[in-house]
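Which chain is which? The protein sequence lines are A and B, in order. This note's numbering numbers the first residue of the first sequence as 7 and each following residue consecutively. This note's numbering numbers the first residue of the second sequence as 277 and each following residue consecutively. Just below is one structure, and these are the notes that go with it.
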Amino acid sequence: KQEVTQIPAALSVPEGENLVLNCSFTDSAIYNLQWFRQDPGKGLTSLLLIQSSQREQTSGRLNASLDKSSGRSTLYIAASQPGDSATYLCAVRGYQGGSEKLVFGKGTKLTVNP
Amino acid sequence: DGGITQSPKYLFRKEGQNVTLSCEQNLNHDAMYWYRQDPGQGLRLIYYSQIVNDFQKGDIAEGYSVSREKKESFPLTVTSAQKNPTAFYLCASSIRDYNSPLHFGNGTRLTVT
Chain A
7 KQEVTQIPAA
17 LSVPEGENLV
27 LNCSFTDSAI
37 YNLQWFRQDP
47 GKGLTSLLLI
57 QSSQREQTSG
67 RLNASLDKSS
77 GRSTLYIAAS
87 QPGDSATYLC
97 AVRGYQGGSE
107 KLVFGKGTKL
117 TVNP
Chain B
277 DGGITQSPKY
287 LFRKEGQNVT
297 LSCEQNLNHD
307 AMYWYRQDPG
317 QGLRLIYYSQ
327 IVNDFQKGDI
337 AEGYSVSREK
347 KESFPLTVTS
357 AQKNPTAFYL
367 CASSIRDYNS
377 PLHFGNGTRL
387 TVT
């Protein structure tokens, strides 16, 4: 059974710092990994999707990497801003128990202090 | 603007009552999903539908029901059989390609007392 872990559960950094969020998964047979952002009381916003054949994806100040063999992904945020404060979730899509499944981690709550 | 609309944002019900949460999308997506989010837990899949008039149970379907009569709409009914219905409910949609990203609505917070 696929399990997705995000450590740490919470992270606080000063504005301007570069930071890395971690995501690990137990079954490397995945189709893709997706990073989301969730603001308090809101839905999830898709940030980046990395297909299993890809090593990384970039969007603006965000860079996500994927190492399938070690079951790890990182989300790098450059020059963090207070507006980046949110909970970041990763999710892996794979085939389990006869159906395609998307398994979510519990998220890392990021606070960027001005 | 294309997107997913969930209504209402907040919903309060008495124990023993059924309640229906609305989810509408104008993204022309075939696949739609319902997730439940509880504090300190990851999102858990309740039901999903890959095409009109067809839907499948997710990991925690007991006490819930859905319908998919139109491509744009995927309402979720929380029945009185659901033991712990108070939660944040999220609807999502995507095209029918496992490498397509999920798009989420803004959620409905249901409180049952």
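Ideal placement from N, C-alpha and C gives every residue a C-beta, glycine not left out.
- Taking each of A:Ala97, A:Pro14, A:Lys48 in turn and checking the Cα distance to Gly381 of chain B, the smallest one comes out for A:Lys48.
- If you compare the alpha carbons of B:Gln326, B:Gln358, B:Ile336 with that of Ala368 of chain B, the shortest gap goes to B:Gln326.
- For Tyr37 of chain A, at least one C-beta of chain B is nearer than 8 Å to its own C-beta.
- Burial is judged here by how many other beta carbons sit within 10 angstroms of a residue's own beta carbon; Tyr340 of chain B has at least 16 and is buried.
- Around the beta carbon of Ile322 of chain B, 16 or more other beta carbons lie within 10 angstroms, which makes this residue buried.
- Under a 10 Å Cβ-count criterion, Lys346 of chain B is classified as exposed, with fewer than 16 other Cβ atoms of the shown protein chains found around its own Cβ.
- In the DSSP annotation of this structure, the continuous segment of the beta strand (DSSP E) that includes Ile83 of chain A starts and ends at 78–83.
- Spanning the alpha carbons of Gly113 of chain A and His305 of chain B requires a straight line of approximately 26 Å.
- Contact annotation: Gly100 of chain A and Ser30 of chain A have beta-carbon atoms that are not nearer than 8 Å.
- Taking a 10 Å sphere around the C-beta of Pro361 of chain B, we find 16 or more other C-beta atoms and assign the residue as buried.
- Under the criterion of beta carbons closer than 8 Å, Leu378 of chain B and Ser52 of chain A qualify as touching, at roughly 6 Å.
- Among the residues facing chain B, Arg43 of chain A is not included, as its CB has no counterpart in that chain under 8 Å away.
- Between the segment 16–28 of chain A and the segment 277–286 of chain B there are fewer than three inter-stretch CB-CB distances shorter than 8 Å, so the stretches are not counted as touching.
- Apart from the 5 residues on each side of it in sequence, Pro120 of chain A sits with its Cβ closer than 6 Å to the Cβ of Glu21, Pro88 in its chain, given in chain order.
- Of the residues A:Val98, A:Thr93, A:Asn38, the one whose Cα lies closest to the Cα of Leu17 of chain A is A:Thr93.
- Secondary structure note for Thr281 of chain B: its beta strand (DSSP E) is the uninterrupted segment 280–283.
- If you draw a straight line from the Cα of Thr384 of chain B to the Cα of Glu300 of chain B, it is about 13 Å long.
- Annotation: the continuous beta strand (DSSP E) that includes Ser30 of chain A extends over 25–31.
- Chain-ordered listing is empty here: chain A has no CB closer than 9 Å to the CB of Leu303 of chain B, the nearest sitting near 12 Å.
- Out of A:Gln102, A:Glu106, A:Ala85, A:Leu108, the CA that lies nearest to the CA of Val26 of chain A is found in A:Ala85.
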